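Protein chains in written order, with the numbering used here: chain D, 2 to 639; chain W, 2 to 639; chain Y, 2 to 639. All C-beta atoms, glycine included, are put in the ideal place defined by N, C-alpha and C. All values reported here derive from a predicted model rather than from experimental measurement. The structure appears below as structure tokens.
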Amino acid sequence: MTAGTAGDSGTDTDDDSRPIVYDLAPDCTADDIEVGNYYHAVVNGVVAYGVFVDISDDVSGLVHESNLTGDYDVSDRLLVRLDEIRENGDVAFAEADLDDYRTVAVDHHPTVTPIEALDIGETVTIEATVSQIKQTAGPTVFRCCDATGIVACTAFEDAGVRAYPEVELGDAVRIAGTVEEHEGSPQIEVESLTRLTDEDAERVRAEVDAGLTDRAEPHDVDPLVEWEAFEKLRPDLRDVAQQLRRTVLEGRPIRVRHHADGDGMCASLPVQVALERFIRTVHDDDDAPRHLIKRLPSKAPYYEMEDVTRDLNFALEGRERHGQKLPLLLMLDNGSTEEDVPAYENLAHYDVPIVVVDHHHPDPDAVNDLLDAHVNPYLVDEDYRITTGMMCVELARMIDPEMTDELRHVPAVAGLADRSKAETMADFVDLADEEGYGRDDLVRIGEALDYAAHWLRYSEGKTLVSDVLNVDCDDERRHEELVDFLADRAERDIDRQLAALDPHVEHERLSNDAHLYRVDLDDFAHRFTYPAPGKTTGNLHDRKVEETGDPVITIGYGPDFAVLRSDGVRLDIPEMVAELDEEVVGGGVSGGGHLVVGSIKFVKGMRSEVIESLVEKMADAELDEELSSAAALDHGDD
Amino acid sequence: MTAGTAGDSGTDTDDDSRPIVYDLAPDCTADDIEVGNYYHAVVNGVVAYGVFVDISDDVSGLVHESNLTGDYDVSDRLLVRLDEIRENGDVAFAEADLDDYRTVAVDHHPTVTPIEALDIGETVTIEATVSQIKQTAGPTVFRCCDATGIVACTAFEDAGVRAYPEVELGDAVRIAGTVEEHEGSPQIEVESLTRLTDEDAERVRAEVDAGLTDRAEPHDVDPLVEWEAFEKLRPDLRDVAQQLRRTVLEGRPIRVRHHADGDGMCASLPVQVALERFIRTVHDDDDAPRHLIKRLPSKAPYYEMEDVTRDLNFALEGRERHGQKLPLLLMLDNGSTEEDVPAYENLAHYDVPIVVVDHHHPDPDAVNDLLDAHVNPYLVDEDYRITTGMMCVELARMIDPEMTDELRHVPAVAGLADRSKAETMADFVDLADEEGYGRDDLVRIGEALDYAAHWLRYSEGKTLVSDVLNVDCDDERRHEELVDFLADRAERDIDRQLAALDPHVEHERLSNDAHLYRVDLDDFAHRFTYPAPGKTTGNLHDRKVEETGDPVITIGYGPDFAVLRSDGVRLDIPEMVAELDEEVVGGGVSGGGHLVVGSIKFVKGMRSEVIESLVEKMADAELDEELSSAAALDHGDD
Amino acid sequence: MTAGTAGDSGTDTDDDSRPIVYDLAPDCTADDIEVGNYYHAVVNGVVAYGVFVDISDDVSGLVHESNLTGDYDVSDRLLVRLDEIRENGDVAFAEADLDDYRTVAVDHHPTVTPIEALDIGETVTIEATVSQIKQTAGPTVFRCCDATGIVACTAFEDAGVRAYPEVELGDAVRIAGTVEEHEGSPQIEVESLTRLTDEDAERVRAEVDAGLTDRAEPHDVDPLVEWEAFEKLRPDLRDVAQQLRRTVLEGRPIRVRHHADGDGMCASLPVQVALERFIRTVHDDDDAPRHLIKRLPSKAPYYEMEDVTRDLNFALEGRERHGQKLPLLLMLDNGSTEEDVPAYENLAHYDVPIVVVDHHHPDPDAVNDLLDAHVNPYLVDEDYRITTGMMCVELARMIDPEMTDELRHVPAVAGLADRSKAETMADFVDLADEEGYGRDDLVRIGEALDYAAHWLRYSEGKTLVSDVLNVDCDDERRHEELVDFLADRAERDIDRQLAALDPHVEHERLSNDAHLYRVDLDDFAHRFTYPAPGKTTGNLHDRKVEETGDPVITIGYGPDFAVLRSDGVRLDIPEMVAELDEEVVGGGVSGGGHLVVGSIKFVKGMRSEVIESLVEKMADAELDEELSSAAALDHGDD
């Protein structure tokens, strides 16, 4: 007997001590009755040995003459007590003789079948929440989700006409129907669909929620290397893993936006693959990974208005066309800063949860109110040295621990690509070494990723990136050959760029004794090719640091921007930008970054004023051997 | 008895007074016979009480011995008169004894069922025109259209082989087959398909045409506000409404190109929504709106060669892939000028009707020959103050009057966005006020639309635009929040742009006493962001007019273009452009616009020569307080 | 009796003269037995007139008492000789009385049905190689290819679960199953699928290979005009035709990349149409042409990293989504030079065969190792005068000779568009004249193609190009009107461009007496429109040659590039580029082309240094009347 049926309802009554006689709704079945209870009955047949009575359309039985006091004709009403439900389903009643009683109406509470237990051919009832409503040219398809799984339910009103138009995404519903096989998966042909309200809706929602929470539980994985600092992030990552798994279980799509460089690739690919595999276990549809997850590189170091407009537009069309929920947005190696706020504010008007895993210096005051989750080492008093790739390898393993063997080399690739000076870099490199990746291999994988990212531009490049990173790649030799090819090309292109640039680099010694190198990238660098201005400046700076030693500042400038890198000088770029904006009238100065690495924008016609003022400020800066530009070099204006 | 059957054909004969004996084609049915007529018959059975005769494969009957003069064996021929068609379908003949007669051959004219009256399971004949021919891997699908509706007819020749290859799009056909249910809609499985010719084809075409004309009839709607000037346009708009509805009924796709600004959005979205809703009532396929209407913003103020090439390419592929007709092109808030001619000429080689609704100063001599319809207030001696948004709200209501309640605020948004000085602006604002939109709300909706349009670039952005304009939007609060967010951003970005620009604006007093402001947008404006050069110049100009008062001329120039705005000066920009092109040798000057607002292009290396010459001309211009740049400011080079 | 069955296996035995008794595997059928042979049998029934015996699960028969010596019960074993297989399939045995014998085990060798002979409803066995493996939400679909055809085989393991995961693309397999009809085509529902190994696999592969080779055999076509020089290329083209036909038969997609100009269009469209028609005859699926061939214009004169990255990405996604083989890359009128090497190297890591048909000056040493086929007139001591369009018309005819009538005018269009000075140009023009195309028509078709290509940019523009070239075009008049329109526009735009440019062209007389014309295209040409810099410089040069006569050099330069054209001067541009790169420090000079036509790139800030050095070198060049820039003019930096 299920919860909330007639038998239970007796326990809810107040202290009225009169016996209860149940009045069953016509659609009540054997699920709704209990031996010993009293029922209102109607005679439907008179036989030699007694009368047959109905207590609902579906429940009938004999009152044997031995249990019958009165004399009844068909259609007469009487009270009965349920004496016995035999194994064959026959029901036996006795006439009840009650002087005083009260009547309790009973609704039908069918046996609810969990979605995971659906059998083809059976007639079932499910209780679930609606996660997709797709109107086809024929029936309306409701994808419904209970604590145990997700199933498509087809309801036909009229060709192309929305069935049950009162039902909306997210509603709790009770559906009765027949389980059929559709392309090999169970599917329910709806006979009735009821939108639940009040306590029923709340109960179903709570059950689904509990089930999802349970099934969304991430896996506990052992750290790949011992690293105390990292452990502070683990609970946050675990929450993100749970939210992502839950998002998959609910059938909500996920859109991943990530920084298009080595660390960003190391972060996003493992999570993408882990989620795709999880999606495959949850959803019968082979196309589900394609519909439910989409990874897109961002060219800018933040979420641009144009990108968010396009993403939102795409999501809204998906909702309209496929009746899907709006996606969860997962920002990887991007998304922690104030510059992301406008994009987030745009999304805030829609049901788009936003989760950020990033290691760039965050502006939590600006972004946190707009985010559902924000994992960033700076938020736990660590810093950029814990790269996003390192975090996301753990995240991927929490989602799908079977990926572990494919991922052991990835944190090292991510760390070297982002020049992390983390104490555990050596451990990561050793770990990769055990898998057969030498340090040089790892560096070159990072370079190859960066090079591939450059040419892929806005494309996902799934298989190519998989092959380069050797994650979800089925051909080791191809991986090796590709990395060789791409890393060679990357190195050659960088050499070529620096060779063209070198004669044009201007050198001076600032009054604070720092070496200043500056070069006009628009005039003297190859344009629209690899490496782009940010990376070009970074590479130039590194060479100069090697040549001259600290303190070194490098400025690579174009018509309306400058990329800044420094080592050994106590700069504060964000403050400088603020001052320049004030001092250079009509300069339109903006930008920022970190203390010693960043980029600034200005209007083209004020370039020399802006750069001269900038250099003056740099000459006033104190020297500080500790400060290195390695930090956020991947976020130059590339 | 249907038109054109045997009975009728008698009426067509000349004065030959001999009796007619009909010779039925083998496929004639009871539909083709009439009591009292004579027929050639063949004996197919001899019984005790007479002989059975065939007058076609399908029509047989008894000649009772009482009506029989001769003595016949099976296969003998005789003449009979049709005596009776009984209720059960039995047919009785009498032998006819005619000395002299003439024979008239009769083709089968089946009972034709109107498409709207098709019943599942019946065998029917339809007469229709073909509006789509799609070859699938299995059968060929002909979508056919009669006076009452449209239906898919599937014909199978061999897997993937085109059935009835002689039939082309637009042909008139007679199809016999069985009505089946396909995804809930009726569909005819073709048994025979005949391409009609000559009078039959003409008749069917005329019937379909009459039916379409009838069903395409637009609705008569009361004006939202009383406005005499506007009423001159109503008949033209009514014709466009009829053509658009008819296009939907015929199953021809519609491609909307519109100006990507506030007024353009106010014009195109209501028409798009009205057409989508109408498509849904006409076509069973839920995907039909997606296949049959596509709205695309144009970035340029005219229809560019690149856009038309892409559109044409897309249309031709659609025809090849889906066997669809080429689309009708609907140009909104764009398309009236000579600059659109090359694009139109490109389309003229294909069956692409073009309809323009625009309020920019038209070149009817250049464009009208290329258009199927051209609605423009200037063509009825009105002007830009009747904005395209105002016209299209009426157009949308004529297509689907039930949209009215969603559209009351739209003319005011359109008018304010385009700074219309129409006498009825106050009425439109009042009308919107009744719906709860204050004047400031309306202005901000326009700003939000303009801002969204900027970031959407070439995307349609259906839902986003719906939400901003609050048309076809299901969440009022989201509408409000979005407008707040986008309008705030737009204002902030404009302020930021003008702040950067302001110190660089050069001011001089021309000899005619006009204030001239000029600024190098390439050097001093933020590039590739909102607001673009056209809008930046417009905003700058407005501020200057406010600061200094008339007469004011503003020039915002880039490397190879300049945007011009003026108030209170009698400029004639088109004439100036013509003069400059002649005077500045090798300047490559082109462009134009309206008298006091426009943009010009030139080759980069001749910028200073062009601008100096331009300023000289401006200094010679007379002042005229009446002339304001508000007119067509939305068509600057943005 | 099929190869390798029991009967044959006797012939393989050594000289052991004892009789053989075959021991059939349980799944052996009537296909595996032969009258006269001995078999191990088991009694399965005893009747009055003898015993019934099984020699496999499927093969049973009577040993009549007259042929029976012993006395047997059910399950007893005995030796039998196969006496007779009656027409109705009944089998009669005689007991065999052998003293000494040896046993040979026999595996089931079913009758293998060729794919072209599959009949709906039959149970069959095929042997084939796997050319596509597509996992659907239901079954796994294996597209299999034998010597005679290709067929889809569906295997169901569980919904969305990969059946036979051990089977990979390219494997040889034996499939037993039932032939069903799917959308009108035969399809095999798999009952068993065996991955063949060792000799079996080799045999099947060899059979499929031989069959494909046979069916791939190109057609022998008579040359359109007599041309000895061309005949040297015919065997190479024949090999390419064979490879392309074979690629279609194998179900491997083809991706065509071609130069986006007149000759490139004349080359690629005929081949595309021929292949599409061939695909249609081979594959049942009407969408097959769309899935199996894709033509894309390349804007650059070589295969750019960005393009190859995108193509590879697309191909890998196709493989993942549709289980397709990676495509064959067909480079037309592009692809012969060293600049294509990086792209080819990128593809080398994947199974992407590359075929080049080009007439630009090749670097065979650099590219040939990376190519599967390379057809280029220079490789047979001819030159650019044999245009790619001329070669590809023959190639298309070898693939589908029925195209011949549509193609007679195409070599002339190609030759005139590329200004070929081939001796046979007059013959080609005459040939076209017979089809009604005057010389001027042909030139204008070329111009129209070039103009259309410009605006199509990266789009294929299939129908539009078909209509302009009048190949696969169904409306002669549309062809004529389109050519008129586009060619007029092209001419007008060229005139406009040259008019703007003319006053800015600087003229000087070099010390070697050559006329030097130079012009700053960035400053004085209209940008981002037709004609682009390469074509603009070419047209300017042609006019100057006409005006002044040889020797003439023309330089059109932009911020970081220059386009070079010369007539009558012995330049060696590749050498000049190498020298400049060395001499102009920090100039970043690269580029090349042919001796007297080419383009160079440099960093923007070093433009004047580079161009001055270049002009000095030009002044030192010897004059040579023979040298003309017509050669590779289509490969300027356009």
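Asked: Under 7 Å from the C-beta of Ala697 of chain W: neighbouring residues of chain D; Found: This structure cannot settle anything about residue 697 of chain W, because the visible part of chain W is limited to 2 through 639.
Asked: Environment of Gly37 of chain W [buried if 16+ CB atoms lie within 10 Å]; Found: exposed
Asked: Buried or exposed by the 16-neighbour rule on C-beta atoms within 10 Å, applied to Phe529 of chain Y; Found: exposed
Asked: C-alpha gap between His361 of chain D and Met332 of chain D, whole angstroms; Found: 12 Å
Asked: Buried versus exposed call for Ala211 of chain Y [16 or more other C-beta atoms within 10 Å across all chains shown]; Found: exposed
Asked: Through-space distance from Val168 of chain Y to Ile34 of chain Y, alpha-carbon basis; Found: 31 Å
Asked: Any C-beta of chain Y under 9 Å from that of Asp638 of chain W; Found: Summary for Asp638 of chain W: the model assigns pLDDT 38, below 50, so the residue's position carries little reliability; its value from the coordinates is reported in the next sentence. Closer than 9 Å: no.
Asked: Where Lys602 of chain W falls: helix, strand or coil (DSSP); Found: strand
Asked: Cβ of Lys463 of chain Y within 9 Å of any chain W Cβ; Found: yes
Asked: Segment contact flag, the stretch 476–483 of chain D with the stretch 582–591 of chain D, C-beta cutoff 8 Å, min 3 pairs; Found: no
Asked: Residue from D:Ser193, D:Asp543, D:Asp28 and D:Arg445 with nearest C-alpha to Val598 of chain D; Found: D:Asp543
Asked: For Val75 of chain Y, the nearest candidate out of Y:Val44, Y:Asp55 and Y:Gly51 (CA to CA); Found: Y:Val44
Asked: Rounded straight-line distance, which links the Cα of Ala433 of chain W to that of Asp485 of chain W; Found: 18 Å
Asked: Residue environment, Ile121 of chain Y, which counts as buried when at least 16 other CB atoms sit within 10 Å; Found: exposed
Asked: Ser512 of chain Y versus Y:Val376, Y:Pro560 and Y:Ala622, residue with shortest Cα-Cα distance; Found: Y:Ala622
Asked: Buried or exposed by the 16-neighbour rule on C-beta atoms within 10 Å, applied to Gly171 of chain D; Found: exposed
Asked: Same chain only: Cβ atoms within 6 Å of Arg235 of chain D, ignoring 5 sequence neighbours per side; Found: none
Asked: Rounded separation between His284 of chain W and Ile151 of chain W - CA only; Found: 7 Å
Asked: Contact residues within the stretch 184–218 of chain W, judged by C-beta distance below 9 Å to chain Y; Found: none
Asked: 8 Å CB neighbourhood of Asp523 of chain D in its chain, flanking five on each side removed; Found: Tyr558, Gly559 and Pro560
Asked: C-beta atoms of Val47 of chain D and Phe53 of chain D nearer than 9 Å; Found: yes
Asked: Three-state class that DSSP yields for Leu25 of chain D in the structure shown; Found: strand
Asked: Counterpart residues of Thr130 of chain D in DSSP-defined beta bridges; Found: D:Cys146 and D:Ala173
Asked: Close beta carbons around Arg216 of chain W, own chain, < 6 Å, minus the five adjacent residues each side; Found: Leu250
Asked: Residues that Ile151 of chain D bridges to, as DSSP identifies them; Found: D:Cys146
Asked: Chain-ordered neighbours of Leu581 of chain D on chain W, where CB pairs are closer than 7 Å; Found: Those do not exist, as Leu581 of chain D stays about 13 Å from chain W at its closest Cβ, beyond 7 Å.
Asked: Closer than 8 Å at the beta carbon, the chain Y residues around Pro402 of chain W; Found: Ordered by position in chain Y, no residue passes the 8 Å Cβ test against Pro402 of chain W, which lies about 39 Å from the chain.
Asked: Buried/exposed call for Ile21 of chain D, threshold 16 Cβ in 10 Å; Found: buried
Asked: Minimum Cβ-Cβ distance from Phe525 of chain W to chain D less than 9 Å; Found: yes
Asked: Assumed close pair Asp401 of chain D, Phe279 of chain D - CB separation to whole angstroms, cut-off 8 Å; Found: 6 Å
Asked: The ligand GDP heavy atom lying under 8 Å from the CB of Ala433 of chain W; Found: This structure does not include the ligand GDP; it has no bound ligands of any sort.
Asked: Cβ of Arg320 of chain D within 9 Å of any chain W Cβ; Found: yes
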